[in-house]
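Novice: Mapping of the sequence shown onto full-length UniProt numbering: residues 1 to 198, in sequence order.
Glycine included, C-beta positions come from ideal geometry on N, C-alpha and C.
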Amino acid sequence: MNTITPDFVNILERAAQSKARPSTAEMVEALQQAEIATKKAKLAIPFASLIGEWRLCFATGASKDKKRGGIKLGRGYYLPKFTPASITFTRETDSSIEGTITNQLLVGSIHIQFTGPCRYPGKKNLLAFDFTEIQIKVFGTTVYQGKIRSGKIGSRDFARLSVANLPFFGFFWASESGIAARGRGGGLALWVKDEVVS
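#1: In the DSSP assignment, the alpha helix (DSSP H) including A15 goes from what residue to what residue?
#2: Please name the residue, chosen from P22, G140, K123, N10, that lies closest to F58 on a Cα-to-Cα basis.
#3: Quick check on the DSSP output: what are the complete beta strand (DSSP E) runs of length 3 or more inside the segment 55-125, in order along the chain?
#4: My output table needs one value for G151: the three-state DSSP class, helix, strand or coil.
#5: Go ahead and pull the three-state DSSP assignment for T132.
#6: According to DSSP, which residues form a beta bridge with K137?
#7: To which residues of the same chain is A20 closer than 8 Å at the C-beta, ignoring the five residues directly before and after it?
#8: What whole-angstrom Cβ distance do W191 and I87 have, given they're in contact under 8 Å?
#9: Let me confirm a value: A85 is counted as buried when at least 16 other C-beta atoms fall within 10 Å, else exposed. Which label applies?
#10: In whole angstroms, what separates the C-alpha of K40 from that of N103?
#11: Kindly give me the distance between the Cβ atoms of G178 and A16, rounded to whole angstroms, as I take these residues to be in contact under 8 Å.
#12: Closest by CA to W54, which one among G186, G187, A181?
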């Protein structure tokens with residue numbers, strides 16, 4: 001039985017694995033098509049598919065469209081490899097829906113890392129999270145480490161809050177080479193597996 005791979009999958013895989021990257025317009029279109037296809041087919045992306053460290057490859061901004069209502073996507077951009085940003089998901093046990101999210105950025109000799117709890121109940125492929133700690137290193141030496149409060153919640157309250165009250169990513173594509181999601185603010189992003197911040 002032959003199966004045809006949709007064009008958007010080929011474009012996302014090419015962005016994740018190739019130096020000959022698709023145009024930003026192709027990427028925005030492919031991400032939107034992947035999201036529509038996943039919702040239409042009601043595909044469930046298992047938490048296990050997200051576990052690991054992923055480098056941010058491509059992102060769009062989003063703004064409110066006052067004329068038509070809803071969200072208007074930005075043109076999108078590739079993140080340069082010389083300022084790597086990555087996201088890491090870990091979980092407590094193989095069957096757990098709770099885990100830890102780490103978001104980090106390396107700019108020259110400055111390494112900034114945010115960490116906090118995450119929860120992936122599986123409904124609509126939404127991963128809720130809250131950053132509760134920050135660490136800043138300069139030339140490998142920690143110059144600041146401490147707790148942060150994002151909004152009104154702390155890590156103790158995280159488990160009790162619904163996804164509607166938390167930042168979240170709505171994942172719509174996952175493969176061995178990449179994952180893609182829409183953030184709560186409406187922007188789209190593609191993260192890839194390769195050399196990442198450490």
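Specialist: Inspection of the coordinates gives the following:
#1: The residue labelled residue 15 in the question sits at position 15 within the sequence shown. Note, A15: alpha helix (DSSP H), 7-17.
#2: Residue numbering aside, residue 58 sits at position 58 when the sequence shown is read from its first letter. The residue from P22, G140, K123, N10 with its alpha-carbon nearest to that of F58 is P22.
#3: With a minimum length of 3 residues, the continuous beta strand (DSSP E) runs that stay inside the segment 55-125 are 62-64, 71-73, 85-91, 98-107, 110-119.
#4: On the sequence shown, position 151 is the one that residue 151 refers to. Residue confidence is low: G151 scores 47 on pLDDT, short of 50, so the model does not pin down where it sits. No coordinate-derived value is stated.
#5: Translated into the one-based positions of the sequence shown, residue 132 becomes position 132. Coil at T132, not helix or strand.
#6: Here residue 137 refers to the residue found at position 137 when the sequence shown is read from its first residue. In the DSSP assignment, K137 forms a beta bridge with H111, T142.
#7: Here residue 20 corresponds to residue number 20 of the sequence shown, with the count starting at 1. Only R14 meet the Cβ criterion.
#8: Within the sequence shown, the letter at position 191 stands for residue 191. Within the sequence shown, the letter at position 87 stands for residue 87. Between W191 and I87, the beta carbon gap of about 6 Å places them in contact (Cβ cut-off 8 Å).
#9: Reading the sequence shown from its first residue, position 85 is the one you call residue 85. Buried: at least 16 other Cβ atoms inside 10 Å.
#10: On the sequence shown, residue 40 is found 40 positions in, with the first residue counted as 1. On the sequence shown, residue 103 is found 103 positions in, with the first residue counted as 1. Here the alpha carbon of K40 sits roughly 30 Å from the alpha carbon of N103.
#11: Walking along the sequence shown from the start, residue 178 turns up at place 178. Walking along the sequence shown from the start, residue 16 turns up at place 16. A Cβ-Cβ separation of about 4 Å places G178 in contact with A16 under the 8 Å criterion.
#12: The residue you call residue 54 lines up with position 54 of the sequence shown. Checking every option, the nearest Cα to that of W54 belongs to A181.
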